[in-house]
Ligand code: PMP
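Residue numbers (UniProt numbering): 1 to 352.
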């Protein structure tokens, strides 16, 4: 081994879902939105003045921060934006998780959390979800260096009521508690309503799912001004110009069209209801889904086998070969037509 090899930081990276690009494929593997962004986004793209690309973007992302602050009725000093919520979460890990005590998160959760913890050398402990994939709030009572969990959870789609989040916050007043709400617009109430009561709460959301803009990479955090300032200090110590001119322009437009946003999320919820019934009819079970995906298992058909059979037909879903969940498939809710094609194939496969 060469001496310099010893000095290379070695990390086990996060594995993103595959992004195949095949004609006629049905892509239900990375929780993207099957519908286009708000129509105004198209107009802004069509009229985008490329001369603006000569200039650096506004490092404060002022227009987008302002649009989000107006939309959520919070101060501009309560909003932080980043390159997808992955960027926002990574900055939050760097900013808030600096204790010798371990941070806590569920054993089954967004698989990026342990990767960031390792990258930033943050000690962590996972807390087992109950059999039904719900959080046991008492697990989060002991002293820790911070708490993070998604609500709804990924990949289970399980949504926790705000009473559970309140309980966790009540027992964690001395650390930052991050609620990753990537999928909240398909679920129940957001923890945003708790912000006035808990200044140590940080909520992270994204344009990637409910706003159909995964390709544009826009995420944001909302919290107490002191938390947002601390995140900005870290951001400016790392990369000042994270939001591109196009992301700023298109992001503002997407926030503006609330009617489209509500219609689009309602359509996905309606398809989710139909999908639940179709999965039940085929003998699958699943935790009640709160997100734009459903986490299904079947008593007779191993998930790994179904995953491979679907893939053969260019129907992509997600399979995690991990303890407790290795007999489940995570299926993104697509259009009605895509879901019908999925169920037609499953029916045929199971009748063979
Ligand atoms: N949080 C959770 C729970 C997710 O599933 C994802 C999607 N991979 C993200 C955050 C990150 O999404 P994005 O960076 O596209 O905003």
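C-beta: ideal position from N, C-alpha, C; glycine also. Model, not experiment: these values are computed from the prediction.
Can you name the start and end residues of the alpha helix (DSSP H) that residue i belongs to?
| i | result |
| --- | --- |
| residue 205 | Looking at the DSSP string, residue 205 is not in any alpha helix (DSSP H); the run it does join, the beta strand (DSSP E), is 201-206. |
| residue 164 | 162-170 |
| residue 330 | Unbroken run through residue 330 is the beta strand (DSSP E), 329-332; no alpha helix (DSSP H). |
| residue 336 | 336-351 |
| residue 186 | Looking at the DSSP string, residue 186 is not in any alpha helix (DSSP H), and its letter there is neither H nor E. |
| residue 304 | 303-312 |
Following a CB-centred definition, is residue i positioned closer than 7 Å to any heavy atom of ligand 1?
| i | result |
| --- | --- |
| residue 110 | yes |
| residue 219 | yes |
| residue 180 | yes |
| residue 106 | no |
| residue 214 | yes |
| residue 89 | yes |
| residue 223 | no |
| residue 154 | yes |
| residue 355 | No answer is possible for residue 355: it lies beyond the span of the chain, which begins at 1 and ends at 352. |
| residue 84 | yes |
| residue 208 | yes |
| residue 37 | no |
| residue 150 | yes |
| residue 31 | yes |
Starting from residue i and walking both ways along the beta strand (DSSP E), at which residues does that stretch end?
| i | result |
| --- | --- |
| residue 125 | 124-127 |
| residue 320 | Where residue 320 is concerned, there is no enclosing beta strand (DSSP E), given that its DSSP letter is neither H nor E. |
| residue 294 | 293-296 |
Looking only at its own chain, which residues have a Cβ that is under 6 Å from the Cβ of residue i, when we skip the five neighbours before and after it?
| i | result |
| --- | --- |
| residue 140 | 104, 147, 168 |
| residue 264 | 35 |
| residue 128 | 107 |
By Cβ distance below 8 Å, which residues in the same chain neighbour residue i in space, the five residues on each side in sequence not counted?
| i | result |
| --- | --- |
| residue 230 | 95, 96 |
| residue 180 | 85, 89, 110, 148, 149, 150, 151, 204 |
Leaving aside the five residues before and after residue i along the sequence, list all residues of the same chain whose C-beta is less than 7 Å from its C-beta, in chain order.
| i | result |
| --- | --- |
| residue 130 | 136 |
| residue 309 | 349 |
| residue 164 | 135, 137 |
| residue 157 | 287, 289, 290, 291, 293, 294, 295 |
**Request:** Scan the segment 215-284 and note each continuous beta strand (DSSP E) run of 3 residues or more that stays entirely inside, going in chain order.
**Result:** 219-223
**Asked** Taking contact to mean at least 3 C-beta pairs separated by less than 8 Å, is the segment 274-288 in contact with the segment 308-316?
**Response** no
**Request:** Enumerate, from N- to C-terminal direction, the unbroken beta strand (DSSP E) stretches of 3 or more residues contained entirely within the segment 84-150.
**Result:** Qualifying beta strand (DSSP E) stretches, in chain order: 103-106, 124-127, 147-150.
**Request:** For the segment 73-91 and the segment 285-300, state whether three or more C-beta atom pairs, one from each stretch, are separated by less than 8 Å.
**Result:** In short, these stretches do not touch, since the Cβ pair count stays below three.
**Prompt:** Which parts of the segment 16-80 are runs of the alpha helix (DSSP H), unbroken and 4 residues or longer, counting only runs that do not cross its ends?
**Reply:** Runs found: 39-46, 62-72.
**Message:** Assess contact between the segment 233-245 and the segment 16-31, defined as three or more Cβ pairs (one per stretch) separated by less than 8 Å. Is contact present?
**Reply:** no
**Message:** For the pair the segment 206-226 and the segment 248-255, tell me if three or more CB-CB distances fall below 8 Å.
**Reply:** Touching, yes, given that three or more Cβ pairs across the two stretches are closer than 8 Å.
**Prompt:** Do the segment 198-205 and the segment 159-177 make contact, defined as three or more Cβ pairs closer than 8 Å?
**Reply:** yes
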